[in-house]
Amino acid sequence: ETGVTQTPRHLVMGMTNKKSLKCEQHLGHNAMYWYKQSAKKPLELMFVYNFKEQTENNSVPSRFSPECPNSSHLFLHLHTLQPEDSALYLCASSQVGGARYNEQFFGPGTRLTVL
Amino acid sequence: AQTVTQSQPEMSVQEAETVTLSCTYDTSESDYYLFWYKQPPSRQMILVIRQEAYKQQNATENRFSVNFQKAAKSFSLKISDSQLGDAAMYFCASLFNSGGSNYKLTFGKGTLLTVNP
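First to last, the protein sequences are chains A and B. The numbers in the numbering used here rise by one with no breaks, and the one at position 95 of the first sequence is 95. Position in the second sequence (first residue = 1) + 115 = the numbering used here.
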């Protein structure tokens with residue numbers, strides 16, 4: 001595997017289900033991100049992890065719970081979601097630190113549908 | 116707060132022709148970066164081109180170039196010799212350092228580019 005991978009690619013869940021999205025980066029980066037992409041809206045940054053520590057929570061509801069066990073893996077645990085949470089969830093990674101910013105590399109996304 | 120505006124929800128271009136996608140941004144930061152990302156129908160977002168705000172020279176990557184007007188806060192993308200594979204959603208994004216090693220990327224709503232054969 002190369003780059004940033006995400007599983008599953010598609011997920012349908014009921015409002016009472018608990019599920020998790022997984023992201024893995026194979027680039028040796030030290031920062032990982034969760035974004036939400038809804039139709040006709042800009043990508044919304046949800047969470048940022050630098051060196052496994054959460055450094056940004058962009059006012060995300062508690063029904064979304066991120067977990068970053070190491071710098072290569074990032075999870076998004078989902079619980080009692082609402083239909084309006086249906087969206088494409090993108091994971092990204094980058095190398096931070098030093099004087100120069102390095103680009104974010106994105107995964108293919110998980111298409112989530114909440115019934 | 117930073118904002119990014121893409122005023123063209125959709126654009127179309129004939130194959131081999133040139134098209135320009137518009138982007139304006141607003142920031143109070145003096146040090147920031149600007150990007151154009153491409154998201155083809157397969158959904159993998161990839162970086163097309165980047166521009167450091169402190170650089171006056173416009174960035175160029177093969178058929179892709181930008182027109183960076185810092186005073187006007189404008190950052191347009193020009194695609195020359197358009198190819199069918201250029202068809203995608205294009206996102207303009209700005210990034211600034213929000214403290215320490217924290218960087219925050221703000222995206223526009225995107226422009227859907229169609230390339231006609």
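Think of the CB as a built atom: it goes at the ideal place given N, C-alpha and C, for glycine as much as any other residue. Please read all numbers here as calculations on a predicted model, not as lab measurements.
Item, Value
"Would PHE206 of chain B count as contacting chain A if we go by Cβ distances under 8 Å?", "yes"
"Based on the DSSP output, what are the partners of TYR35 of chain A in its beta bridges?", "A:LEU45 and A:LEU90"
"Can you tell me whether DSSP reads GLU24 of chain A as helix, strand or coil?", "strand"
"Quick one: is LYS18 of chain A buried, meaning 16 or more other Cβ sit within 10 Å of its Cβ, or exposed?", "exposed"
"Within the 8 Å Cβ cut-off, does TYR218 of chain B reach chain A?", "yes"
"Out of B:ALA131, B:TYR140 and B:ARG178, point me to the one whose CA is closest to PHE98 of chain B's CA.", "Residue 98 of chain B lies beyond the stretch modelled for chain B, which goes from 116 to 232, so this question has no answer here."
"Pop quiz: PRO83 of chain A and ARG9 of chain A are said to be a contact at Cβ under 8 Å. What is the actual Cβ separation, rounded to whole angstroms?", "About 20 Å; that fails the 8 Å criterion."
"With a cut-off of 8 Å, does the C-beta of LEU11 of chain A fall near any C-beta of chain B?", "no"
"Of the residues B:GLN121, B:ARG178, B:ALA168 and B:GLY200, which one's Cα is nearest the Cα of ASP146 of chain B?", "B:ALA168"
"Output, in chain order, the set of chain A residues within a Cβ distance shorter than 8 Å of LEU149 of chain B.", "Those do not exist, as LEU149 of chain B stays about 11 Å from chain A at its closest Cβ, beyond 8 Å."
"Of all the options B:LYS219, B:TYR205, B:ARG165 and B:SER209, which has the alpha carbon lying nearest to the alpha carbon of GLN123 of chain B?", "B:TYR205"
"I think GLU125 of chain B touches LEU227 of chain B, with their Cβ atoms under 8 Å apart; what is that distance to the nearest whole Å?", "5 Å"
"Below 8 Å on C-beta distance, what does LYS224 of chain B contact in chain A?", "LYS40, LYS41 and PRO42"
"Mapping DSSP to helix, strand and coil, what is GLU84 of chain A?", "helix"
"Are the C-beta atoms of VAL96 of chain A and some chain B residue less than 8 Å apart?", "yes"
"Does any residue of chain B have a CB that is nearer than 8 Å to the CB of LEU45 of chain A?", "yes"
"From the beta carbon of GLN104 of chain A, is the nearest beta carbon of chain B less than 8 Å away?", "yes"
"What residues in the stretch 148-179 of chain B have a beta carbon less than 9 Å from any beta carbon of chain A?", "TYR148, PHE150, TYR152, GLN154, SER157, ARG158, GLN159, MET160, ILE161, LEU162, ARG165 and GLU167"
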